[in-house]
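A.B. asks: To start, I am sharing the structure in question, which I have written as structure tokens.
In my numbering, the protein residues as written are 27 to 452.
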């Protein structure tokens, strides 16, 4: 009993040790309380709902721009924090092609927040058809406002280039073309093709073909064009030149069925989609296409001779072709009239043969018309010999091989007082 009193008295006489004991006891109690709260908080912590979208937004033959959108929903009645966002991108064979970081932040209770970032990756020979993106982050909660407990989180999101290749829009195509010349090879046309890229990434156009027909679906030519590359929302101009068959000039309208393929090629992927456009343009008159530096020359001459049955007239018609393509003179009709007292009376007609006139050459066609004396006597002029003979030739000049033509009419006067070979000026 005496020893116990001594210890008691000793403790009462050391206040410092008393304070230490009280402090340690308090810390133990606080630690137990905090541990209890921590266990309680972790037990009632609901896992945040996380959605991740990683998509290619621009694409070129050399690089791709990825956009990451991380949507985090906090279903808890207290704040959570998201920190140490990191995305590591690899190809399907595990080759690392890039990494980028996203700034974190707090998410209030029962709310959501979206974190975004972009990263540009360069192509270097690997297969980029599928890009795997490993996302890591730390999700934290705060206990009693002073202690933060973090939980690591990890997920993988695939980014497929199919998402962007499936959205290719065909370019807007404008074709301006006109028939502008005629050569021995056919009808030349020229123009320009303008293509505008609606996409936010670079595309190509290729296999461009122009199938050209008349409004009656008669094929008159095919032209193939070399394509090219269109920058994002950029344009491309291609010169168009070709030669059509001569029968294109028989059409009222020319229909151009333009077809081709548009697509993208990058990261080992080539995908294209077809496009087609139908364009119409009017065929000009053949006469405006001859582009003549010289004029047509026609020479009409008549040789009148007396015969037993009447007057025999031999008519020569000479045609000079100043163009650079063969021309046909056809549907030629020669007529002879008498002219008396300001009246013209028909004495006879005769068809003339069709002829082809080569470029820069001339051709002479002839015919004969016999005028019976009785027709001269009873032609209503009350005299046998007219004041004048009038020679006319009507017909058509056309480009060889087509139906459309240029009408012609040549007239010459000849005095009947000379039944000899005389030239008649048209």
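Glycine is no exception: its CB is placed at the ideal position from the N, C-alpha and C atoms.
Note that the coordinates shown come from a computational prediction; the quantities given were computed from them, not determined experimentally.
According to the Cβ coordinates, are residue 264 and residue 218 closer than 8 Å?
C.D. replies: Position 238 of the chain shown, counted from the first residue, corresponds to residue 264. Position 192 of the chain shown, counted from the first residue, corresponds to residue 218. Yes, these two residues count as a Cβ contact at 8 Å.
A.B. asks: Tell me, which residues are paired with residue 81 by DSSP?
C.D. replies: Here residue 81 refers to the residue found at position 55 when the chain shown is read from its first residue. Looking at the DSSP assignment, residue 81 forms a beta bridge with 93.
A.B. asks: What is the DSSP secondary structure of residue 350, counted as helix, strand or coil?
C.D. replies: The sequence position of residue 350 within the chain shown is 324, counting from 1. Here residue 350 sits in coil by DSSP.
A.B. asks: To the nearest whole angstrom, what separates the beta carbons of residue 425 and residue 324, a pair I think is in contact under 8 Å?
C.D. replies: Numbered from its first residue, the chain shown carries residue 425 at position 399. Numbered from its first residue, the chain shown carries residue 324 at position 298. Not quite, the Cβ-Cβ distance comes to about 18 Å (not below 8 Å), so this is no contact.
A.B. asks: How about residue 354 and residue 340: are their beta carbons less than 8 Å apart?
C.D. replies: Against the chain shown, residue 354 aligns to sequence position 328. Against the chain shown, residue 340 aligns to sequence position 314. Contact flag unset, no.
A.B. asks: Residue ranges of each beta strand (DSSP E) run of no fewer than 3 residues wholly in the region 212-265, ordered along the chain?
C.D. replies: Segments of the beta strand (DSSP E) lying fully in the region 212-265: 212-222, 229-240, 245-251 and 254-256.
A.B. asks: If we ignore side chains and look at the alpha-carbon of each, how far apart do residue 66 and residue 115 end up?
C.D. replies: As a working note, residue 66 is residue 40 in the chain shown. As a working note, residue 115 is residue 89 in the chain shown. Confidence at residue 66 is low in this model, with a pLDDT of 46, below 50, so its placement is unreliable and no value can be given for it.
A.B. asks: Need the endpoints of the beta strand (DSSP E) that residue 433 sits in, please.
C.D. replies: Residue 433 sits at position 407 when you count from the first residue of the chain shown. Element bounds for residue 433: 431-440.
A.B. asks: Tell me, please, which residues DSSP counts as bridged to residue 279.
C.D. replies: Numbered from 1 along the chain shown, position 253 holds the residue referred to as residue 279. Residue 279 pairs with 308.
A.B. asks: What does the alpha-carbon distance come out to for the pair residue 438 and residue 333?
C.D. replies: Within the chain shown, residue 438 is the residue found at index 412, counting from 1. Within the chain shown, residue 333 is the residue found at index 307, counting from 1. Taking the straight line from one Cα to the other gives about 23 Å.
A.B. asks: Considering Cα atoms alone, identify which of 123, 279 and 160 is closest to residue 91.
C.D. replies: For the purposes of this step, residue 91 is taken as residue 65 along the chain shown, with counting starting at 1. Nearest of 123, 279 and 160 to residue 91, Cα basis: 123.
A.B. asks: Report, in whole angstroms, the separation of the C-beta atoms of residue 74 and residue 113, which I expect to be a contact under 8 Å.
C.D. replies: The residue labelled residue 74 in the question sits at position 48 within the chain shown. The residue labelled residue 113 in the question sits at position 87 within the chain shown. With a Cβ gap of about 17 Å, residue 74 and residue 113 do not count as contacting.
A.B. asks: Per DSSP, residue 397 forms a beta bridge with which residues?
C.D. replies: Taking the chain shown and counting its residues from 1, the one referred to as residue 397 is at position 371. For residue 397, which the question treats as bridged, DSSP gives the partners 337.
A.B. asks: Alpha carbon to alpha carbon, how far is residue 82 from residue 314? Give it in angstroms, no decimals.
C.D. replies: As a position in the chain shown, residue 314 is number 288, starting the count at 1. As a position in the chain shown, residue 82 is number 56, starting the count at 1. Looking at the two C-alpha atoms, the distance is approximately 55 Å.
A.B. asks: Please list the terminal residues of the continuous beta strand (DSSP E) segment that includes residue 140.
C.D. replies: Translated into the one-based positions of the chain shown, residue 140 becomes position 114. It spans 138-148 - the beta strand (DSSP E) in which residue 140 sits, taken as one unbroken run.
A.B. asks: Given that a residue counts as buried once 16 or more other Cβ atoms are within 10 Å of its Cβ, and exposed if not, what is residue 180?
C.D. replies: On the chain shown, position 154 is the one that residue 180 refers to. Exposed, since its Cβ has fewer than 16 Cβ neighbours within 10 Å.
A.B. asks: Residue 316 and residue 419 - do their beta-carbons sit closer together than 8 Å?
C.D. replies: Here the question's residue 419 lines up with position 393 in the chain shown. Here the question's residue 316 lines up with position 290 in the chain shown. Contact: no.
A.B. asks: Do you know whose CA, among 237, 232 and 275, lies nearest residue 256's CA?
C.D. replies: Counting from 1 along the chain shown, the entry for residue 256 is found at position 230. For residue 256, the nearest C-alpha among the options comes from 232.
A.B. asks: Compare the C-alpha of residue 394 against each of 403, 378 and 409 and name the closest.
C.D. replies: Locating residue 394 in the chain shown gives position 368, counting from the first residue. Here the closest residue by C-alpha is 378.
A.B. asks: On a Cα-Cα basis, can you pick out the residue from 240, 236, 277 and 197 that is closest to residue 259?
C.D. replies: The residue given as residue 259 occupies position 233 in the chain shown. The shortest C-alpha separation from residue 259 is found at 197.
A.B. asks: If residue 299 and residue 167 are in contact, beta carbons under 8 Å, what's the gap, nearest whole angstrom?
C.D. replies: Against the chain shown, residue 299 aligns to sequence position 273. Against the chain shown, residue 167 aligns to sequence position 141. About 51 Å separates the two Cβ atoms, so there is no contact after all.
A.B. asks: Using a Cβ distance threshold of 8 Å, determine whether the region 340-352 contacts the region 402-416, with at least three qualifying pairs required.
C.D. replies: With a cut-off of 8 Å, the region 402-416 and the region 340-352 do not count as touching, because too few Cβ pairs lie within range.
A.B. asks: Mind reading off the beta-carbon distance from residue 205 to residue 309? Whole number of angstroms is fine, and I expect it under 8 Å.
C.D. replies: For the purposes of this step, residue 205 is taken as the residue at position 179 of the chain shown. For the purposes of this step, residue 309 is taken as the residue at position 283 of the chain shown. Between residue 309 and residue 205 the Cβ distance is about 6 Å, and since that is below 8 Å, they are a contact.
A.B. asks: Is it buried or exposed for residue 390, if we count other Cβ within 10 angstroms and need 16 for buried?
C.D. replies: Taking the first residue of the chain shown as position 1, residue 390 is located at position 364. Exposed, since its Cβ has fewer than 16 Cβ neighbours within 10 Å.
A.B. asks: If you draw a straight line from the C-alpha of residue 64 to the C-alpha of residue 175, how long is it?
C.D. replies: As a first step, residue 64 must be located in the chain shown, where it is residue number 38. As a first step, residue 175 must be located in the chain shown, where it is residue number 149. In this predicted model, residue 64 has a pLDDT of only 48, less than 50, meaning its place in the structure is not dependable enough to derive any value.
A.B. asks: State the Cα-Cα distance for the pair residue 398 and residue 366, rounded to the nearest angstrom.
C.D. replies: Here residue 398 refers to the residue found at position 372 when the chain shown is read from its first residue. Here residue 366 refers to the residue found at position 340 when the chain shown is read from its first residue. Residue 398 and residue 366: Cα-Cα distance of roughly 18 Å.
A.B. asks: Is residue 235 buried or exposed, if buried means 16 or more other CB atoms sit within 10 Å of its CB?
C.D. replies: Here residue 235 refers to the residue found at position 209 of the chain shown. Its Cβ having fewer than 16 others within 10 Å, residue 235 is exposed.
A.B. asks: May I ask which residues mark the beginning and end of the beta strand (DSSP E) holding residue 202?
C.D. replies: As a position in the chain shown, residue 202 is number 176, starting the count at 1. Residues 198-209.
A.B. asks: Run through DSSP, which three-state label would residue 272 get?
C.D. replies: By 1-based counting over the chain shown, the position of residue 272 is 246. Of the three classes helix, strand and coil, the one that applies to residue 272 here is helix, per DSSP.
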